[in-house]
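Take the position in the sequence shown, starting the count at 1, then add 14; the result is the number in this note's numbering.
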Amino acid sequence: MTVATQLEILDLRHFSARQLRPLLEAEARIWEKQLRWNYKASTELLLQYLDSRILPGFVALDRGRICGFTFCVYEGHKAVIGDAFALADDPGQTLSIAHTLLHQLLQLLRYSPDIQRVESQLLLYNAGTIGEVFLAAGFSLYPRLFMEYDLLRSQLAVVERETVSGGLKREIPGESGVQVRPKAEPPPHIQLTAWTAEHYQAAAELIHESYIGHIDARINDQYCSLHGSLRFLHNIVRFPGCGVFDASSSWVLYDRRNGALVGMVLCSRVADDVAHITQLCISPRYRGHGLGRRLLDHCTGHLARTGFAAITLTVTEANQQAVALYRDRGFSIRHRFEAMVLDKA
Ligand SMILES: CC(C)(COP(=O)(O)OP(=O)(O)OC[C@H]1O[C@@H](n2cnc3c(N)ncnc32)[C@H](O)[C@@H]1OP(=O)(O)O)[C@@H](O)C(=O)NCCC(=O)NCCS
Numbered sequence: 015m016t017v018a019t020q021l022e023i024l025d026l027r028h029f030s031a032r033q034l035r036p037l038l039e040a041e042a043r044i045w046e047k048q049l050r051w052n053y054k055a056s057t058e059l060l061l062q063y064l065d066s067r068i069l070p071g072f073v074a075l076d077r078g079r080i081c082g083f084t085f086c087v088y089e090g091h092k093a094v095i096g097d098a099f100a101l102a103d104d105p106g107q108t109l110s111i112a113h114t115l116l117h118q119l120l121q122l123l124r125y126s127p128d129i130q131r132v133e134s135q136l137l138l139y140n141a142g143t144i145g146e147v148f149l150a151a152g153f154s155l156y157p158r159l160f161m162e163y164d165l166l167r168s169q170l171a172v173v174e175r176e177t178v179s180g181g182l183k184r185e186i187p188g189e190s191g192v193q194v195r196p197k198a199e200p201p202p203h204i205q206l207t208a209w210t211a212e213h214y215q216a217a218a219e220l221i222h223e224s225y226i227g228h229i230d231a232r233i234n235d236q237y238c239s240l241h242g243s244l245r246f247l248h249n250i251v252r253f254p255g256c257g258v259f260d261a262s263s264s265w266v267l268y269d270r271r272n273g274a275l276v277g278m279v280l281c282s283r284v285a286d287d288v289a290h291i292t293q294l295c296i297s298p299r300y301r302g303h304g305l306g307r308r309l310l311d312h313c314t315g316h317l318a319r320t321g322f323a324a325i326t327l328t329v330t331e332a333n334q335q336a337v338a339l340y341r342d343r344g345f346s347i348r349h350r351f352e353a354m355v356l357d358k359a
């Protein structure tokens with residue numbers, strides 16, 4: 015098929031990992047620059063899948079030269095579009111190739127009767143740049159934020175302020191003009207403890223409970239069931255897609271009175287000096303008592319002390335409470351992207 019100038023779109027399964035490697039390595043460099051994310055482990059995993067020729071997707075060729083690819087993975091009746099990347103001489107052309115590839119993949123999924131739902135979050139694309147392809151195919155779009163806490167800059171701020179004020183004042187996240195509500199002290203029966211694999215089942219139950227009726231459960235349907243929440247946890251802890259899980263920077267809260275797990279913060283390493291918070295949640299019955307703030311502060315404090323330069327996370331823009339919490343604790347918006355969801359039912 016010929017699109018625009020000399021563009022050819024072919025089935026991804028015709029291509030070997032070796033042929034696609036240069037493009038994936040170029041993409042990894044952009045992840046590093048744009049999101050401070052070392053994408054090498056994900057690249058190697060993806061190359062293995064590509065060599066097994068099982069991934070549904072497409073490759074774009076410009077006069078015989080590979081210039082873009084897209085793929086999805088099937089999870090039962092759901093397809094997750096894992097990537098769409100293109101590289102051309104100018105940004106307009108690059109975007110146009112990505113649009114063409116996505117259009118092709120969406121057509122494939124539209125006419126796949128077994129696929130009832132499609133989800134995608136393509137982090138490299140700014141909000142408003144690829145949304146129209148998805149909107150045209152009937153998707154709903156949810157703006158999301160990629161937030162960053164620059165620990166080096168905040169430590170520099172401490173030094174500067176200590177110099178100015180004669181060493182009396184410490185930098186406290188939330189002091190920077192953000193309106194802060196009165197701080198509730200966490201109840202004394204709540205205990206913080208390090209994450210261990212023993213928490214697995216209770217953690218999945220907590221995730222499921224935390225996202226009932228939540229906007230994120232519309233974006234990621236794994237949150238909608240216990241089975242899905244276990245799978246979500248499994249992906250975070252065992253696969254490098256969200257960085258390499260860092261048990262030593264992950265904590266849970268439990269209620270000493272009944273032993274119930276009531277909160278957790280999970281963290282991955284996405285570069286040598288960059289951590290990524292993959293999950294923060296508090297059981298609905300325990301919210302509004304400062305527990306989310308306490309967990310986050312414990313985690314960021316630990317990461318700062320152990321030499322990390324930055325912490326990143328993603329959050330749905332409409333999740334105002336979480337966004338307020340992150341802003342209050344020193345995070346700022348680095349990038350705005352979109353989650354795309356199609357529910358055929
Ligand atoms: C976001 C979440 C972790 C907050 O936990 P929490 O224990 O209720 O939060 P806290 O009581 O520690 O409040 C922390 C901050 O959140 C913000 N916040 C809390 N309740 C708020 C409200 N009703 N309105 C506005 N901001 C609010 C404030 O900044 C607050 O800080 P303050 O108490 O110093 O003013 C919790 O609501 C949750 O689990 N939500 C579902 C899962 C989720 O959305 N996770 C984040 C995904 S990225």
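Glycine is no exception: its CB is placed at the ideal position from the N, C-alpha and C atoms. Values in this document were obtained by computation on a predicted structure and should not be read as measured data.
Check                                                                                       : Outcome
Residue 295 CB to nearest heavy atom of ligand 1 below 8 angstroms                          : yes
heavy atom of ligand 3 below 8 angstroms from residue 346 C-beta                            : Only ligand 1 can be found as ligands here, which leaves ligand 3 out of the picture.
Range covered by the beta strand (DSSP E) that runs through residue 275                     : 275-285
Residue 234 Cβ short of 8 angstroms to ligand 1 heavy atom set                              : no
For residue 359, three-class secondary structure by DSSP                                    : coil
Where residue 143 sits in the DSSP three-state scheme                                       : coil
CA nearest to the CA of residue 94, picked from 234, 300, 323                               : 234
C-beta atoms of residue 280 and residue 264 nearer than 9 angstroms                         : yes
Environment of residue 43 [buried if 16+ CB atoms lie within 10 Å]                          : exposed
Burial state of residue 240 (16 or more Cβ within 10 Å)                                     : exposed
Buried or exposed (CB count within 10 angstroms, at least 16 for buried), residue 212       : exposed
Proximity below 9 angstroms, CB of residue 276 to CB of residue 300                         : yes
Nearest to residue 206 (by Cα), restricted to the options 311, 166, 124                     : 311
Separation of residue 77 from residue 229, as counted between CA atoms                      : 44 angstroms
Straight-line gap, residue 58 to residue 111 (C-alpha atoms, nearest Å)                     : 24 angstroms
Near ligand 1: residue 329 beta-carbon under 8 angstroms from a heavy atom                  : yes
Cβ pair count under 8 angstroms reaching 3, the stretch 284-296 against the stretch 127-137 : no
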